[in-house]
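Undergrad: Below you'll find the structure I mean.
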Amino acid sequence: MANKVIMKGNEALAEAAILAGCRHYFGYPITPQTEVAAYMAKKMPKIGGTFLQAESEIAAINMVIGVASAGKRVMTSSSSPGISLKSEGLSYLAGCDLPALIVNVQRGGPGLGGIQPSQADYFQATRGGGHGDYHMLVFAPSTVQEMVTLTVKGFELADKYRMPSMLLADGTLGQMMEPVILDIGEVKTYEKPWALTGTELKREHNIVNSLFLQPEELEQVNFARYKMYEEIENTEAMYDTYLMDDADICIVAFGIAARVSKNAIDAARAEGIKVGMIRPITLWPFPKKPLLEAADKVNSFISVELSMGQMIEDIELAIRCKKTVALCNRVGGMIPTTEDILNSIRNAAKGGNA
Amino acid sequence: MTTKLLIAGFGGQGVLFIGKFLAYAGLIEDREVCWMPSYGPEVRGGTSNCGVTLSDEPIGSPVVDHPDILIALNLPSLDKFEGAVEKDGSIYIDSSLIERKIEREDVKAFYIPATKLARVTGLSANMIMLGYLLKTSNVMPYELAEKVIEKIVPPTKQHLIAGNLKGIEYGYNYCE
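Line order of the protein sequences matches chains A and B.
Position one of the first sequence corresponds to residue 1 (the numbering used here), numbered consecutively onward.
Position one of the second sequence corresponds to residue 1001 (the numbering used here), numbered consecutively onward.
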């Protein structure tokens, strides 16, 4: 049996980044993800890596752009308000086709909001966050173990497609401790012939740039990028299902919301209500296919979110509005209770809206 | 089997440490474990709590809304969580800090003046409470305590192992 240790989500993802070959971390402290920076501060100097507490979030993301340009695995982490500050840099990473991992351990918003868990940065994460036409790969862990595996996956796919990845967690996942297995097997790496590593007078200059003043050229760059996005949407969507075989009602939930939903599903099943769950693991690409297939089998959907109805829009698009989608949510740092979700399920079973 | 525990008290009473102890016990026993602290703007003297779920199956929600076992180390915690405890559950009370008895009749109550005993013996109240819990519940085997403490106490604080174990032993052997 693989060796299990017990770790906080924030520490586990930091260790996973190191295991994935990340040796450069730039950040700025903010609750509830400060343990990531603390862990990196402790570990990076011992393994020849760089930990740097930047003077601001904006500085940190620009340092990330620098290291990414040089072709090294690099990461920054923050929580919601800090991610807003980094959003300019996210757009530049995408515009320069640079891989990097950005971690968002979400808290309640908008504005400074609060410090309790939230999923209200769903739109910001899945629609890019910064300006311009672009996407990031968005991974939504729901266990501390997935904080590990999806951090690694985030680095791998970012390099594969030369684009930024985001690990979209929340305060609970960052703060809670669970047993994890850190033996992650072989980590995939990719050649980076485009990286700015010095020509040694042996090759042409590489250029990393997001400025294209000729509109015809910029259009082509965007077209090419979206062609790649299409391929990613077709091949990289990840999801998990729970008791969907005979389900009349399909819950869609990710992260912490999926954990609570699982308890509610078990309770509803005990009452004889046939309910299951599709849990998106990637939020972009969104697992549209299994949802569309489910739309022909179930009577209705429930979107369980820690936001005011954001993912529900993607569900309705994915199922082409074939069935109704009810919303079960708490916001501002509150988490829906098992009873909240169970009530939504009971309402859906009666044919009503949650 | 799944056991949900909620440990609540003032910051500084060792609430999170009791939780951490139980979580590591679960790890050693190769059970499913989830430890979830309240991480609001808590400060020393303010309220603090932590939920621990121990299970033989994968754990759904990490949030302990309705504990099977509540450990209340101060009155605000008992006031806040008494009503949330599952029917037939247990409430452990530090009776040196909480003067009232529980109001519910459908749960079991265990009273121990942990803080007072700690003051008299020089041991720590949270460990005395923990020992009492191990004696009167089947959360984890008492024999595991030493192994857990050794795992949980960092190398720089090894001198604290003996004291903590004594506290657990004292609580375990406590009789009213």
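Idealized CB from N, CA, C, for every residue including glycine.
1) Given M176/A, which residues of its chain have a CB within under 8 Å of its CB, disregarding the five upstream and five downstream residues?
2) Three or more C-beta pairs under 8 Å: does that hold for the segment 180-188 of chain A against the segment 260-268 of chain A?
3) Which chain A residues are close to P1062/B, counting only those with a beta carbon under 7 Å from its beta carbon?
4) Give the straight-line distance between the Cα atoms of F212/A and S118/A, rounded to the nearest whole angstrom.
5) Using a cut-off of 9 Å between C-beta atoms, extract the partners of A1109/B located in chain A.
6) Pick helix, strand or coil for H24/A, following the three-state DSSP scheme.
7) Look at the alpha carbon of I18/A and the alpha carbon of K153/A, and state the distance between them as a whole number of angstroms.
8) Give me the Cβ distance between W284/A and V103/A, rounded to the nearest whole Å; I'm assuming they're in contact under 8 Å.
9) At a Cβ cut of 8 Å, what residues of the segment 67-100 of chain A count as close to chain B, listed as they run along the chain?
10) Which chain A residues are close to K1040/B, counting only those with a beta carbon under 8 Å from its beta carbon?
11) Taking the alpha carbon of I273/A as the point to measure from, which residue in C250/A, P280/A and A257/A has its own alpha carbon closest?
12) State the CB to CB distance for the pair S165/A and L101/A, rounded to an integer number of angstroms; the pair is presumed to be in contact (CB under 8 Å).
13) Name the chain A residues that come within less than 8 Å of Y1024/B, Cβ to Cβ?
14) E1032/B lies in the beta strand (DSSP E); which residues open and close that run?
15) On the three-state DSSP scale, how would you describe Q124/A?
16) Hey, would you say I1007/B sits closer than 9 Å to N1074/B, going by beta carbons?
17) Rounding to the nearest angstrom, what Cα-Cα distance links F51/A and K202/A in this structure?
18) Are there 16 or more other CB atoms within 10 angstroms of the CB of K1020/B, so buried, or fewer, so exposed?
19) Do I281/A and P141/A have their CB atoms nearer than 9 Å?
20) What is the rounded straight-line gap between the Cα of C268/A and the Cα of V275/A?
21) Is any beta-carbon of chain A found at less than 9 Å from that of E1032/B?
22) Can you give me the start and stop residues for the beta strand (DSSP E) that S77/A sits inside?
23) Whole-angstrom Cβ separation of P1125/B and I1093/B, contact assumed at under 8 Å?
24) Across which residues does DSSP place T241/A in a beta bridge pair?
25) Put V1107/B into one of helix, strand or coil per three-state DSSP.
26) So is I1059/B in contact with chain A if we call contact Cβ pairs under 9 Å?
27) Cβ of L1006/B less than 9 Å from any chain A Cβ?
28) Give the range of the alpha helix (DSSP H) segment to which V144/A is assigned.
29) When the cut-off is 9 Å and only beta carbons count, does K43/A lie next to chain B?
30) By Cβ distance below 8 Å, which residues in the same chain neighbour G1045/B in space, the five residues on each side in sequence not counted?
31) Starting from I115/A and walking both ways along the beta strand (DSSP E), at which residues does that stretch end?
32) Confirm, please, whether the CB-CB distance from I256/A to L327/A is below 9 Å.
TA: According to the structure data:
1) Indexing the first sequence from 1 puts residue 176/A at position 176. If we look at M176/A and ignore the five residues flanking it on each side, its Cβ neighbours are K8, G9 and V144.
2) Result no; under three Cβ-Cβ pairs closer than 8 Å.
3) If you number the second sequence from 1, residue 1062/B lands on position 62. Those are T172, M176 and R259, listed as they occur along chain A.
4) Residue mapping note: residue 212/A aligns to position 212 of the first sequence, counting from 1. Residue mapping note: residue 118/A aligns to position 118 of the first sequence, counting from 1. Computed Cα separation, rounded: 37 Å.
5) Against the second sequence, residue 1109/B aligns to sequence position 109. Correct list: empty, because the minimum Cβ distance to chain A is about 25 Å.
6) Along the first sequence, one-based indexing puts residue 24/A at 24. Three-state DSSP puts H24/A in a strand.
7) Taking the first residue of the first sequence as 1, we reach residue 18/A at position 18. Taking the first residue of the first sequence as 1, we reach residue 153/A at position 153. K153/A has its alpha-carbon roughly 13 Å from the corresponding atom of I18/A.
8) As a first step, residue 284/A is located in the first sequence; it is residue number 284 there, counting from the start. As a first step, residue 103/A is located in the first sequence; it is residue number 103 there, counting from the start. Contact doesn't hold; Cβ gap of about 16 Å is too wide.
9) Correct list: empty, as no residue qualifies.
10) As a working note, residue 1040/B is residue 40 in the second sequence. Lys is not the amino acid found at residue 1040/B; the sequence shown has Gly there. The answer, in chain order, is I115 and Q116.
11) In the first sequence, counting from the first residue as 1, residue 273/A sits at position 273. Of C250/A, P280/A and A257/A, the residue nearest in Cα terms is C250/A.
12) Start at 1 with the first residue of the first sequence, and residue 165/A comes out as number 165. Start at 1 with the first residue of the first sequence, and residue 101/A comes out as number 101. Indeed, because the Cβ distance is near 5 Å, the residues count as touching under 8 Å.
13) The sequence position of residue 1024/B within the second sequence is 24, counting from 1. Under the 8 Å cutoff, chain A gives I6.
14) In the second sequence, residue 1032/B corresponds to position 32, counting from 1. Start and end: E1032 to P1037.
15) The residue given as residue 124/A occupies position 124 in the first sequence. Three-state DSSP puts Q124/A in a helix.
16) Here residue 1007/B is taken as the residue at index 7 of the second sequence, counted from 1. Here residue 1074/B is taken as the residue at index 74 of the second sequence, counted from 1. In this structure, I1007/B lies away from N1074/B, with their beta-carbon atoms at least 9 Å apart.
17) Within the first sequence, residue 51/A is the residue found at index 51, counting from 1. Within the first sequence, residue 202/A is the residue found at index 202, counting from 1. Computed Cα separation, rounded: 32 Å.
18) Sequence index remark: in the second sequence, residue 1020/B carries index 20 (1-based). With 16 or more other Cβ atoms within 10 Å, it is buried.
19) Looking up residue 281/A in the first sequence gives position 281. Looking up residue 141/A in the first sequence gives position 141. A contact, by the Cβ cut-off of 9 Å.
20) Sequence index remark: in the first sequence, residue 268/A carries index 268 (1-based). Sequence index remark: in the first sequence, residue 275/A carries index 275 (1-based). At residue 268/A the sequence reads Ala, which differs from the Cys that was named. A direct Cα-Cα distance of roughly 7 Å separates A268/A from V275/A.
21) Counting from one through the second sequence, the residue named residue 1032/B turns up at place 32. Yes, because at least one Cβ of chain A sits closer than 9 Å to the Cβ of E1032/B.
22) Numbered from 1 along the first sequence, position 77 holds the residue referred to as residue 77/A. Boundaries of the beta strand (DSSP E) around S77/A: V74 to S78.
23) In the second sequence, residue 1125/B corresponds to position 125, counting from 1. In the second sequence, residue 1093/B corresponds to position 93, counting from 1. Reading off the sequence, residue 1125/B comes out as Ala, not Pro. Incorrect: roughly 12 Å between the Cβ atoms, too far for contact.
24) Residue numbering aside, residue 241/A sits at position 241 when the first sequence is read from its first letter. I278/A, per the DSSP bridge assignment.
25) By one-based count along the second sequence, residue 1107/B stands at place 107. Coil.
26) The sequence position of residue 1059/B within the second sequence is 59, counting from 1. Yes - at least one Cβ of chain A is within 9 Å of the one on I1059/B.
27) The residue you call residue 1006/B lines up with position 6 of the second sequence. L1006/B does not count as touching chain A.
28) One-based indexing of the first sequence puts residue 144/A at position 144. V144/A -> alpha helix (DSSP H) spans V144 to Y161.
29) Indexing the first sequence from 1 puts residue 43/A at position 43. By this cut-off, K43/A is not an interface position.
30) Along the second sequence, one-based indexing puts residue 1045/B at 45. Cβ within range, chain order: F1010, G1011 and G1012.
31) Residue mapping note: residue 115/A aligns to position 115 of the first sequence, counting from 1. No beta strand (DSSP E) holds I115/A; DSSP gives it neither H nor E.
32) Position 327 of the first sequence, counted from the first residue, corresponds to residue 327/A. Position 256 of the first sequence, counted from the first residue, corresponds to residue 256/A. At least 9 Å separates the beta-carbon of L327/A from that of I256/A.
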